[in-house]
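Enquirer: First, the structure itself, so that you have it in front of you.
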Amino acid sequence: MIPPIASKFVAGESPATALDHARSLNERNVNAILNLLGEHYDDRGPADEDAEAYVRLLEDIERSNVSACVSVKPSQVGLDVGKHVYRENMERIVDASGDTFVWMDMEDHETTDATLDTYERLAHEHDGGVGVCVQANLERTREDLERLADVPGKVRLVKGAYDEPEEIAYRDKERVNEAYRDDLAFMFEEFDGGIAVGSHDPAMIEHATELHEEHGTDFEIQMLMGVREDAQYELAEEYEVWQYVPYGDKWLSYFYRRVMERKENLLFAARAVLSG
115 MIPPIASKFV AGESPATALD HARSLNERNV NAILNLLGEH YDDRGPADED
165 AEAYVRLLED IERSNVSACV SVKPSQVGLD VGKHVYRENM ERIVDASGDT
215 FVWMDMEDHE TTDATLDTYE RLAHEHDGGV GVCVQANLER TREDLERLAD
265 VPGKVRLVKG AYDEPEEIAY RDKERVNEAY RDDLAFMFEE FDGGIAVGSH
315 DPAMIEHATE LHEEHGTDFE IQMLMGVRED AQYELAEEYE VWQYVPYGDK
365 WLSYFYRRVM ERKENLLFAA RAVLSG
């Protein structure tokens, strides 16, 4: 069982617990992005198994009548095994999605081209219904956004959490913030909609709302489970908000990353341990 300290960031180990969490979010007008934890499989077997698990999850979502979608990591469904494995498994997932939206997460810079190529093809084949994540800390991202502006899907902009080489990425925090703001401005000006603001930074969310008021472009806000949840509920009173909800038995490494990446999360974990 997942200990209470980790359950702040992970919605249990089973699809049923993830769907229960989604229902509780829906009651607060927040939608759920369900992510089965798993990544970097070197063999096709586990990649195919997780692809099948996503197919079953999509069936569960269709039956459950919850406001939820799914998000899939490329290395979880075979990219480390081979690009053809990734494409086949993503096709399998999207073909089974019905009316449920499918996001493709972005991993480090070595996965960018394969992820964008697969996204663009599936988005055209399915007339939208799929989305992809791009990272503002990569110098190439503006060109990628120009390429994606007319693709019939959604694009999630995040700052970027991977430790990328300095020759291809912005390393300074302020420079990343500048790139994020500039990329948002481009998206609101050039995209017809389908913008997902993936950020917990109040300044970036405020910037997005100002751009929305200026350009009228539709957008949504995406945040992680366990991070600034009060703000998520407050924002949901006025804007479309989605919470990224991980679940599954591979929760330990994910929980460790969440705790270590922000001082507030580390303090939360420390208080939970001391109070227990």
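Just add 114 to the spot in the sequence shown (first one is 1) and you have our numbering. Where a beta carbon is used, it is the ideal one built from N, C-alpha and C, also for glycine. This structure is a prediction, so every number in the text was calculated from the model and none was measured.
#1: Once the 5 residues before and after I207 are set aside, which same chain residues still bring their CB inside 8 Å of it?
#2: Which residue wins for smallest C-alpha separation from D227, given the options L148, L298 and P188?
#3: Tell me which residues share the same chain as R295 and place their Cβ nearer than 8 Å to its Cβ, disregarding the 5 neighbours each side in the sequence.
#4: Would V359 pass as a contact of A146 if the rule is Cβ separation under 8 Å?
#5: Enumerate, from N- to C-terminal direction, the unbroken beta strand (DSSP E) stretches of 3 or more residues contained entirely within the region 248–278.
#6: Determine the DSSP secondary structure at E233, reduced to helix, strand or coil.
#7: Would A250 and A182 be called neighbours here (beta carbons separated by less than 8 Å)?
#8: From C247 to D277, what does the alpha carbon distance come to, in whole angstroms?
#9: Return yes when the Cβ of R261 is within less than 8 Å of the Cβ of G245, no when it is not.
#10: If you draw a straight line from the alpha carbon of R342 to that of A263, how long is it in whole angstroms?
#11: Compare the beta carbon distance of I335 and E351 with 8 Å and say whether it is the shorter of the two.
#12: Please report the residue range of the alpha helix (DSSP H) in which A182 lies.
#13: Excluding the five sequence neighbours on either side, which residues of its own chain have a C-beta within less than 6 Å of the C-beta of A283, listed in chain order?
#14: Just to confirm, is the Cβ distance from A299 to P266 under 8 Å?
#15: Among the residues of its own chain, which have a CB less than 6 Å from the CB of K122, if the five just before and after it don't count?
#16: Which residue marks the beginning of the beta strand (DSSP E) containing F333, and which one marks its end?
#17: Report buried or exposed for H135, applying the criterion of at least 16 other Cβ atoms within 10 angstroms of its Cβ.
#18: Classify L138 as buried or exposed, calling it buried when 16 or more other Cβ atoms lie within 10 Å of its own Cβ.
#19: Tell me the residue span of the beta strand (DSSP E) that contains I147.
#20: Using a Cβ-Cβ cutoff of less than 8 Å, which residues in the same chain neighbour L349 once the five nearest sequence positions on both sides are dropped?
#21: Just to confirm, are Y347 and L148 a CB contact at a threshold of 8 Å?
#22: Between Y176 and T214, which are expected to be in contact by the criterion C-beta below 8 Å, what is the C-beta distance as a whole number of angstroms?
#23: Go to V341, then tell me how far its alpha helix (DSSP H) extends in each direction, as first and last residue.
#24: Kindly indicate which residue of H223, D241, D194 and D222 has the alpha-carbon position closest to the one of S211.
#25: Taking the beta strand (DSSP E) that G126 falls in, what are its first and last residues?
#26: Would S313 and K268 be called neighbours here (beta carbons separated by less than 8 Å)?
#27: Could you tell me which residues DSSP puts in a beta bridge with Y294?
Expert: In brief:
#1: Residue mapping note: residue 207 aligns to position 93 of the sequence shown, counting from 1. Closer than 8 Å at Cβ, skipping near neighbours: A165, Y168, V169, L172, V184, V186, V191 and V216.
#2: Along the sequence shown, one-based indexing puts residue 227 at 113. The candidate whose alpha carbon is nearest that of D227 is P188.
#3: As a first step, residue 295 is located in the sequence shown; it is residue number 181 there, counting from the start. So the qualifying residues of the chain are M318 and H321.
#4: What you label residue 359 is simply residue 245 of the sequence shown in a count that begins at 1. What you label residue 146 is simply residue 32 of the sequence shown in a count that begins at 1. It is a contact, given that the beta carbons lie within the stated cut-off.
#5: 268–272
#6: Counting from 1 along the sequence shown, the entry for residue 233 is found at position 119. The residue you asked about is not Glu; residue 233 is Tyr in the sequence shown. Helix at Y233.
#7: Here the question's residue 250 lines up with position 136 in the sequence shown. Here the question's residue 182 lines up with position 68 in the sequence shown. Result no, Cβ atoms of A250 and A182 do not sit closer than 8 Å.
#8: Translated into positions along the sequence shown, residue 247 becomes position 133. Translated into positions along the sequence shown, residue 277 becomes position 163. Between C247 and D277, the C-alpha separation is close to 17 Å.
#9: Taking the sequence shown and counting its residues from 1, the one referred to as residue 245 is at position 131. Taking the sequence shown and counting its residues from 1, the one referred to as residue 261 is at position 147. In this structure, R261 does not lie closer than 8 Å to G245 by Cβ.
#10: Counting from 1 along the sequence shown, the entry for residue 342 is found at position 228. Counting from 1 along the sequence shown, the entry for residue 263 is found at position 149. Answer to the nearest angstrom: the Cα atoms are 30 Å apart.
#11: Counting from one through the sequence shown, the residue named residue 335 turns up at place 221. Counting from one through the sequence shown, the residue named residue 351 turns up at place 237. Taking 8 Å as the Cβ cut-off, I335 and E351 do not qualify as a contacting pair.
#12: Residue 182 sits at position 68 when you count from the first residue of the sequence shown. That residue, A182, is in no alpha helix (DSSP H); its beta strand (DSSP E) goes A182 to V186.
#13: Within the sequence shown, numbered from 1, the residue matching residue 283 stands at position 169. These residues qualify, in order along the chain: N251 and L252.
#14: Here the question's residue 299 lines up with position 185 in the sequence shown. Here the question's residue 266 lines up with position 152 in the sequence shown. Cβ distance not < 8 Å, so A299 and P266 don't count as in contact.
#15: Locating residue 122 in the sequence shown gives position 8, where the first residue counts as 1. Answer for K122: G340, listed in chain order.
#16: Working through the sequence shown from its first residue, we reach residue 333 at position 219. Taken as a continuous stretch (DSSP letters only), the beta strand (DSSP E) holding F333 covers F333 to L338.
#17: The residue you call residue 135 lines up with position 21 of the sequence shown. In summary, H135 is buried, with 16 or more beta-carbon neighbours lying within 10 Å of its beta-carbon over all protein chains present.
#18: Numbered from its first residue, the sequence shown carries residue 138 at position 24. It should be noted that the sequence gives Ser, not Leu, for residue 138. Only exposed fits S138, as fewer than 16 other CB atoms lie within 10 angstroms of its CB.
#19: On the sequence shown, residue 147 is found 33 positions in, with the first residue counted as 1. Its beta strand (DSSP E) spans residues N145 to L150.
#20: On the sequence shown, residue 349 is found 235 positions in, with the first residue counted as 1. Cβ within range, chain order: I319, I335 and V355.
#21: Translated into positions along the sequence shown, residue 347 becomes position 233. Translated into positions along the sequence shown, residue 148 becomes position 34. No, these two residues do not count as a Cβ contact at 8 Å.
#22: Numbered from 1 along the sequence shown, position 62 holds the residue referred to as residue 176. Numbered from 1 along the sequence shown, position 100 holds the residue referred to as residue 214. Correcting the residue identity first, residue 176 is Glu in this sequence and not Tyr. Indeed they touch by this definition, with Cβ atoms about 6 Å apart.
#23: Within the sequence shown, the letter at position 227 stands for residue 341. Taken as a continuous stretch (DSSP letters only), V341 belongs to no alpha helix (DSSP H), as it is neither H nor E.
#24: Locating residue 211 in the sequence shown gives position 97, counting from the first residue. Nearest of H223, D241, D194 and D222 to S211, Cα basis: D241.
#25: What you label residue 126 is simply residue 12 of the sequence shown in a count that begins at 1. First-last for G126: undefined, no H or E at that position.
#26: Stepping through the sequence shown from its first residue, residue 313 is reached at position 199. Stepping through the sequence shown from its first residue, residue 268 is reached at position 154. The answer is no: Cβ separation not under 8 Å.
#27: The residue labelled residue 294 in the question sits at position 180 within the sequence shown. None; Y294 has no bridge partner.
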